[in-house]
Amino acid sequence: DGGITQSPKYLFRKEGQNVTLSCEQNLNHDAMYWYRQDPGQGLRLIYYSQIVNDFQKGDIAEGYSVSREKKESFPLTVTSAQKNPTAFYLCASSHINSRTAYGYTFGSGTRLTVV
Amino acid sequence: GDSVTQMEGPVTLSEEAFLTINCTYTATGYPSLFWYVQYPGEGLQLLLKATKADDKGSNKGFEATYRKETTSFHLEKGSVQVSDSAVYFCALPRGGLTGGGNKLTFGTGTQLKVEL
Chain A
1049 DGGITQSPKY
1059 LFRKEGQNVT
1069 LSCEQNLNHD
1079 AMYWYRQDPG
1089 QGLRLIYYSQ
1099 IVNDFQKGDI
1109 AEGYSVSREK
1119 KESFPLTVTS
1129 AQKNPTAFYL
1139 CASSHINSRT
1149 AYGYTFGSGT
1159 RLTVV
Chain B
1174 GDSVTQMEGP
1184 VTLSEEAFLT
1194 INCTYTATGY
1204 PSLFWYVQYP
1214 GEGLQLLLKA
1224 TKADDKGSNK
1234 GFEATYRKET
1244 TSFHLEKGSV
1254 QVSDSAVYFC
1264 ALPRGGLTGG
1274 GNKLTFGTGT
1284 QLKVEL
């Protein structure tokens, strides 16, 4: 079955450490997205990508980095510059069409905790 | 900018009660509108969508009608079950129908708790 897979499900980061969250999709979607979810704040866009080797900053990109070397993969690195990284991270993908808005398919999320 | 506003939760209902979760939007043009559902510890799932004014999206007993006069897209269900307990998010694409890269803006979510 097609879908989008995030790993790991839980991740613990020490102060000053970089960590990378994996996101892989086999839906042949062009676009991929990373959102951060905090209690009471809904979802905030970190980065998104519409095509391989290209990506754009979202609303809260500081302290994060991404790459899009393959259509199927869009890993997110949480760097030591991100001062409050504890959150639930959601990856999503979608088709793109200039005349309509497609819904997203989401992964099951990665819960990152600073220890 | 484009945005959605949802009613605050939690909403607590008894099983078989009628559900309404309010969502209003501010947008350029007439964007598609979405409802997503998130069960505990999971990602979001698309529940339903409507692509133009007066459209009704429906799925699993849930319905929402796109009303441009009141800029609303309220989620309703006639008889909720315990298994409907989740967080519900209203969303729309930024920048109007053709929205830049199909980026979605989400509401803050409304938690629904259904009790026996």
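Listed in order, the protein sequences are those of chains A and B. Be aware that the first sequence starts at 1049, since it is given in my numbering, and climbs by one per residue. Be aware that the second sequence starts at 1174, since it is given in my numbering, and climbs by one per residue. Even glycine gets a Cβ: it sits at the ideal position worked out from N, Cα and C.
### Query
Is the Cβ of Gly1111 of chain A closer than 8 angstroms to any Cβ of chain B?
no
### Task
Mind the definition here: the stretch 1202-1213 of chain B touches the stretch 1259-1267 of chain B only if three or more C-beta pairs lie below 8 angstroms; say whether that holds.
yes
### Query
Looking at the structure shown, is Asp1006 of chain A part of a helix, part of a strand, or coil, going by DSSP?
No statement about residue 1006 of chain A is possible, as the shown extent of chain A runs from 1049 to 1163 and does not include it.
### Message
If the criterion is Cβ atoms closer than 8 angstroms, does the pair Gly1151 of chain A and Gln1054 of chain A meet it?
### Response
no
### Task
Compare the C-alpha of Tyr1225 of chain B against each of B:Thr1283, B:Thr1244, B:Lys1233, B:Glu1249 and name the closest.
The residue you asked about is not Tyr; residue 1225 of chain B is Lys in the sequence shown. Checked all of B:Thr1283, B:Thr1244, B:Lys1233, B:Glu1249; the closest Cα to Lys1225 of chain B is B:Thr1244.
#### Entry: Within 7 angstroms of chain B by C-beta, residues of the stretch 1067-1090 of chain A in sequence order
Ala1079, Gly1088, Gln1089, Gly1090
### Task
Could you give the DSSP three-state label for Ser1256 of chain B: helix, strand or coil?
helix
### Query
Taking Gly1178 of chain B as the reference, which of A:Ala1140, A:Lys1057, A:Gly1088, A:Arg1061 has the closest Cα?
The identity of residue 1178 of chain B in the sequence shown is Thr, whereas the question assumes Gly. Closest by alpha carbon: A:Gly1088.
### Those residues which DSSP pairs with Phe1207 of chain B across a bridge
DSSP output for Phe1207 of chain B lists B:Lys1222, B:Ala1264 as bridge partner(s).
### Task
Would you mind telling me which residues of chain A sit closer than 9 angstroms to Leu1219 of chain B, beta carbon to beta carbon, in chain order?
Gly1151, Tyr1152, Thr1153, Phe1154
#### Entry: Residues in the stretch 1197-1217 of chain B having any Cβ partner in chain A nearer than 7 angstroms
Within the stretch 1197-1217 of chain B, the residues whose Cβ lies closer than 7 angstroms to some Cβ of chain A are Pro1204, Ser1205, Phe1207, Glu1215, Gly1216, Leu1217, listed in chain order.
### Contact with chain B by Leu1093 of chain A, beta-carbon distance below 8 angstroms
For Leu1093 of chain A, the closest Cβ of chain B is nearer than 8 angstroms.
### Query
Just by C-beta distance, which residues in the stretch 1222-1234 of chain B are closer than 7 angstroms to chain A?
Lys1222, Thr1224
#### Entry: Neighbour list for Gly1174 of chain B in chain A, Cβ cutoff strictly below 9 angstroms
Within chain A, no C-beta atom comes less than 9 angstroms from the C-beta of Gly1174 of chain B; the nearest is roughly 10 angstroms away.
### Task
May I have the straight-line CA-CA distance separating Arg1267 of chain B from Phe1246 of chain B, to the nearest angstrom?
16 angstroms
### Query
With a cut-off of 8 angstroms, do at least 3 Cβ pairs link the stretch 1104-1114 of chain A to the stretch 1122-1133 of chain A?
yes
### Query
Going by Cα to Cα distance, which pick from B:Gly1214, B:Phe1279, B:Phe1235, B:Thr1197 is closest to Lys1057 of chain A?
B:Gly1214
### Message
Against chain A, does Phe1262 of chain B count as a neighbour if the rule is that its beta carbon must be under 8 angstroms from one of theirs?
### Response
yes
#### Entry: Extent of the continuous beta strand (DSSP E) run through Leu1289 of chain B
Taken as a continuous stretch (DSSP letters only), Leu1289 of chain B belongs to no beta strand (DSSP E), as it is neither H nor E.
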